[in-house]
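Structure first, then comments.
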Amino acid sequence: MSAAVSVHDLSKTYIVHERSSGVRAAVRGIFRREKKEVKAVQAINFEIQPGEIVGFLGPNGAGKTTTLKMLSGLLYPTGGEARVLGHLPHLRERQYLRQITLVTGQRNQLIWDIPAADSYDLFQAIYEIDPALYKRTVDEFVEILDMKDLVRKPVRNLSLGERMKVEIAGSMLHHPRVLFLDEPTLGLDVPMQRRIRKFIAEYNQREGATVLLSSHYMADVEALCRRVIVIHQGGILFDGDLSALAARFTSHKKVIVKPADQSLDLSGYGEIVESELGSVSFRVPKSEVPGMTARLLAEVPIVDLAVEDPPIEDVIDVVFAKGAID
Amino acid sequence: MVGLLVESLIYLVVWTTVSEARGGEVGGFSTDEIAGYFIAWMFVRNVTTGWSPYAMEWRIRRGDFNSLLLRPVHPIFADTSEMLASKAVAMITVVPAMIALALVFKPRFELVPWSLLALIPALVLAFVLRYVLMYVLALTAFWTTRLGGLFELWYGVEFFFSGRVAPLTVLPEWAQQVANLLPFKWMFYFPLELLLGRSQPDEMLFGFAMQVLWLTVMVLLMRFVWQRAARRYAAVGG
Amino acid sequence: MHYLRLIRTYVRLSALNELQYRANLLVQMFNSVLGLGIGLAGLALVFSQTDSLAGWGPLELLVVVGVHTLLGGVIKSVIQPNMYQIAEGVQEGHLDYILTKPEDSQLLVSITRFELWRLVDVFVGLGVLIFAVTRLGEGIGLGEAAAFSVVLLCGGLIFYSFWLAIATTSFWVVRTWSMYEMFDRLYQAGRWPVGIYPSWLRLGLTFLVPVAFAVTVPAEALTARLTPLYLGLALGMAALTLVATRWFWHVGLRHYSGASA
């Protein structure tokens, strides 16, 4: 089975016109502008099989959005090659564009003043979706996402969460085989985030679509992706299972204790990282966890005790701080 | 601003053509003088126009409403420095354009010293008069959202009765009489005539009197409308 | 055909949307009548002083006003709203959604919006035209009507191309608004036949070119002034500007997509 996405030595370099401050520099800037090369993406390689949901993680400016844009055909690569479904994205072949979709959390594509249902008709016309299939798909999505009333209202009258629902549904009416999602749950409340994630997950299972998800919300990534690609400063820092990420980069676990007597000083048992609302959190080296918890339980009256992996955010922070995999 | 240049150019060409067709004169202006009229037009138009009613309305709405209610009058001249600056910048384009057009169309006008001296207060009064009138118009925003129609109507009337489309002497008699009764002539045509040196001293004095009269009327009207608007605002709520 | 279906869908949606705002129709009718009134008053003023303006008589100038109003309605309903949106789309990034659709981007950005009520001007202009032409005495035959339709269409296409070219500059320049405003004002020059301008000025002022072809030439078709030369020029200009603008649009797209020069 050939890969859905195949990226080989892909690079994107921007030329940015720089100007240092001051009047002299400003005047000089009129005649000669200083150029600086910004290597947004540097020779990255990866392959994604059909049906995978891959999360792209990385700080702002790492190159995630640039990579997604190159894969969806919005940006021309400066070097290397990317192939999605066998096509070169930047050629923007109609056959290719019919099979993909782009969803950006911050920007809407549905027409503001009219009901979503009307925009959907537009999409049917653009993608040339078979009328019977189109009707079935709309009914299905409306059912799953509970949008019956929403699609009849002008989009501007919807709340942010409702808008995202109709947007995502609209962007998938043509049954794309590859989904490029850039911060799809941005600004949504938790229940809505879960709704959207569920929708994506089900679509992926039902249709075997490949999903590339870029998100700041670890919850998105944890819920949907088994595989993550960590991008940092234009390069790939890690490409593998999410669980392996935690295991690989941390040697500690988090132990959360609720003592019966909240005034007790527990600092002797380990490194306390948080202490509030009667809960004390320790950062404990993995190997010491059994021993430390045993001592605690024996010596201190405890209401509750839990052992957790450090939150992925912390893991990511560590990853970026470290800067490289060795 | 380009609109200003284009509009004066259009009418310059139209009326010089008409003048030529008539054998060299229209409305008491020879062909050269008509050219001079529309070149000077650019200058006077730039100086006497402020914000459009739309911009005015936006500014009023943007302002701090509570202070509007407390003070007797909106700090109407607060943004004046900004506007004056933009006028100065616009002049940088207008003046060369005037010179270029002068080289091409060879206008004729007279530079009369006392007339030019009188021009300065005339321009200032014209500006203020128009500003206040625009302000009153913009205040109607408190009563209706459909301002577009009202403004367009106002522009239409001004177009003819201020001397913008053609010198007032070209208009039929009855229209010229009407123009004397309306404020528009004193916002544009009056200073323009002073610049061209076409006014007699008694006409100049009469012009100033009319400017002052209309300004008084407008300020009173503004006060009146203002109070109503503030009251309505308080009633309708924030 | 697929394109027609697409255009029909967009038009239907925009129209359905606009139909909600019936008050806008009244406002538009008011503005149209007012605009016509001002135009006619201006004409009356000119013809109170002379019988002909650069060889054009009053009824003939009325034809010019009619064409100007008609085309103005087309521009304001179909062309301008889309062009304004292009600049916005480029700067806010909405263009990305257009570019990931399997459809020609120039087509999509050109048909998204349609302001139905502005069509009132088309009817007003048409009314004026019919009035003036019937009174011109000679009447117009099928040939002239055909020629008129052709050059009017060419004029519309030329205007569209110029507007799109201006919109395309938004890929490089942020302040497209002032250019839009400028081009909008320049359309006022079309109320008078371009022939009144001295010939050197006519050629020198490029803005007069689209206006000339869009308004004066069609008016000439209806007033027995159209020469085969100008008919040919109109067709040629339309083809040329369409091709040039499409090329320019793609240059802009390439720039937007960060293609190396």
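For the record, the sequence lines run as chains D, Y and U.
The first sequence begins at 1 in this note's numbering and counts up one residue at a time.
The second sequence begins at 1001 in this note's numbering and counts up one residue at a time.
The third sequence begins at 2001 in this note's numbering and counts up one residue at a time.
We treat Cβ as the ideally placed atom computed from N, Cα and C, and that holds for glycine.
1) Exposed or buried, which one is residue 2021 of chain U when buried takes at least 16 other CB atoms within 10 Å?
2) So, does the CB of residue 1169 of chain Y fall closer than 8 Å to a CB anywhere in chain U?
3) So if I threshold CB-CB distances at 8 Å, which residues from the segment 36-48 of chain D count as touching chain U?
4) Determine the closest residue to residue 1193 of chain Y out of Y:1133, Y:1114, Y:1056, with distance taken between C-alpha atoms.
5) When you compare only the Cα positions, how much space is there between residue 140 of chain D and residue 286 of chain D?
6) Closer than 7 Å by beta-carbon distance: list the chain D residues that pair up with residue 2017 of chain U, in chain order.
7) Measure the C-alpha to C-alpha separation of residue 1151 of chain Y and residue 2177 of chain U and round it to an integer number of angstroms.
8) Does residue 2102 of chain U come within less than 8 Å of chain D when only Cβ atoms are used?
9) Taking any Cβ of chain Y, which residues in the segment 2153-2178 of chain U have a Cβ under 9 Å from it, in chain order?
10) Compare the beta carbon distance of residue 2083 of chain U and residue 2163 of chain U with 8 Å and say whether it is the shorter of the two.
11) So is residue 16 of chain D buried or exposed if we call it buried at 16+ other beta carbons inside 10 Å?
12) Kindly indicate which three-state DSSP category residue 2138 of chain U falls into: helix, strand or coil?
13) Within the same chain, show all residues whose beta-carbon is closer than 7 Å to that of residue 1221 of chain Y, passing over the 5 residues directly before and after it, in chain order.
14) Are three or more beta carbon pairs between the segment 2230-2239 of chain U and the segment 2147-2155 of chain U nearer than 8 Å?
15) Give a yes or no on whether 8 Å exceeds the smallest Cβ distance from residue 2020 of chain U to chain Y.
16) Against chain U, does residue 1159 of chain Y count as a neighbour if the rule is that its beta carbon must be under 8 Å from one of theirs?
17) Any beta-carbon of chain D closer than 8 Å to the one on residue 2077 of chain U?
18) Compare the C-beta of residue 2013 of chain U with all C-beta atoms of chain Y and state if any pair is closer than 8 Å.
19) Listed from N- to C-terminal order along the chain, which residues in the segment 2183-2198 of chain U have their beta-carbon within a distance smaller than 7 Å of any beta-carbon of chain Y?
20) Could you check the C-alpha separation between residue 2200 of chain U and residue 2244 of chain U for me, to the nearest Å?
21) Could you list which residues in chain U have their beta carbon closer than 9 Å to that of residue 73 of chain D, in chain order?
22) Taking Cβ positions only, does residue 2061 of chain U come closer than 8 Å to chain Y?
23) Closest to residue 1106 of chain Y by CA distance: which of Y:1207, Y:1201, Y:1205, Y:1013 is it?
24) Would you say residue 2250 of chain U reaches chain D, if we count a Cβ-Cβ gap shorter than 8 Å as a contact?
25) On the DSSP letters alone, give me the boundaries of the alpha helix (DSSP H) that residue 2228 of chain U sits inside.
26) Hey, is residue 2068 of chain U's beta-carbon within less than 8 Å of any beta-carbon in chain D?
27) Do you know how far the Cα of residue 1176 of chain Y is from the Cα of residue 1184 of chain Y?
28) The beta strand (DSSP E) with residue 1109 of chain Y in it runs from where to where?
29) Taking only the alpha-carbon atoms, compute the straight-line gap between residue 2091 of chain U and residue 1094 of chain Y and give it to the nearest angstrom.
30) Around the Cβ of residue 1131 of chain Y, are there at least 16 other Cβ atoms within 10 angstroms (buried) or fewer (exposed)?
31) Flag this pair as touching only if the segment 233-245 of chain D and the segment 42-50 of chain D have three or more C-beta atom pairs under 8 Å; answer yes or no.
32) Assign residue 1160 of chain Y to one of three DSSP states: helix, strand, or coil.
33) Could you please give the first and the last residue of the uninterrupted beta strand (DSSP E) stretch that includes residue 210 of chain D?
34) Using the rule of at least 16 other Cβ atoms within 10 Å of the residue's Cβ for burial, across every protein chain shown, is residue 190 of chain D buried or exposed?
35) How many whole angstroms separate the CB atoms of residue 253 of chain D and residue 307 of chain D, which I take to be in contact at a CB cut-off of 8 Å?
36) Measure the C-alpha to C-alpha separation of residue 2261 of chain U and residue 93 of chain D and round it to an integer number of angstroms.
Checking against the coordinates, here is how it stands:
1) Per the 10 Å Cβ criterion, exposed.
2) No, because no Cβ of chain U sits closer than 8 Å to the Cβ of residue 1169 of chain Y.
3) The residues in question: there are none.
4) Comparing Cα-Cα distances from residue 1193 of chain Y to each of Y:1133, Y:1114, Y:1056, the minimum goes to Y:1114.
5) Those two C-alpha atoms are separated by around 47 Å.
6) For residue 2017 of chain U, the chain D residues whose Cβ falls inside 7 Å of its Cβ are 113, 114, in order along the chain.
7) Counting only the Cα atoms, residue 2177 of chain U lies some 22 Å from residue 1151 of chain Y.
8) Chain D contact via Cβ: present.
9) Only 2178 from the segment 2153-2178 of chain U bring a Cβ to less than 9 Å from some Cβ of chain Y.
10) At a Cβ-Cβ threshold of 8 Å, residue 2083 of chain U and residue 2163 of chain U count as neighbours.
11) Residue 16 of chain D is exposed by the Cβ-count criterion.
12) Here DSSP, grouped into helix, strand and coil, assigns residue 2138 of chain U to coil.
13) A distance below 7 Å between beta-carbons, with the five flanking residues on each side excluded, links residue 1221 of chain Y to the following residues of its chain, in chain order: 1136.
14) Yes, they touch.
15) So no, residue 2020 of chain U is outside the interface.
16) Interface residue, yes.
17) Taking Cβ atoms only, chain D never reaches closer than 8 Å to residue 2077 of chain U, which makes this a no.
18) Answer no: the Cβ-Cβ gap between residue 2013 of chain U and chain Y never drops below 8 Å.
19) Residues of the segment 2183-2198 of chain U that bring their beta carbon within less than 7 Å of a beta carbon in chain Y comprise 2185, 2186, 2188, 2189, 2192, 2196, 2197, in sequence order.
20) Spanning the two alpha carbons is a distance of roughly 24 Å.
21) Under the 9 Å cutoff, chain U gives 2099, 2100, 2257.
22) No - not a single Cβ of chain Y is within 8 Å of the one on residue 2061 of chain U.
23) Among Y:1207, Y:1201, Y:1205, Y:1013, the Cα nearest to that of residue 1106 of chain Y is on Y:1013.
24) Residue-level contact check: residue 2250 of chain U does not touch chain D, since none of the beta carbons of chain D fall below 8 Å from its beta carbon.
25) First-last of the alpha helix (DSSP H) with residue 2228 of chain U: 2228-2256.
26) Taking Cβ atoms only, chain D never reaches closer than 8 Å to residue 2068 of chain U, which makes this a no.
27) When rounded, the distance between both Cα atoms is 12 Å.
28) From DSSP, residue 1109 of chain Y is part of no beta strand (DSSP E); its letter is neither H nor E.
29) For residue 2091 of chain U and residue 1094 of chain Y, the distance between alpha carbons rounds to 31 Å.
30) Buried, because 16 or more other Cβ atoms sit within 10 Å of the Cβ of residue 1131 of chain Y.
31) Taking 8 Å as the limit for Cβ pairs, the verdict is that the segment 42-50 of chain D does touch the segment 233-245 of chain D.
32) Taken through DSSP and simplified to helix, strand or coil, residue 1160 of chain Y comes out as helix.
33) Run containing residue 210 of chain D: 210-214, per the beta strand (DSSP E) assignment.
34) Exposed.
35) Sure, about 6 Å apart at Cβ, within 8 Å.
36) Because residue 2261 of chain U sits at a pLDDT of 44, beneath the cut-off of 50, its placement in the model cannot be relied upon, and the following sentence gives the value as read from the coordinates. Distance between the alpha carbons of residue 2261 of chain U and residue 93 of chain D is about 21 Å.
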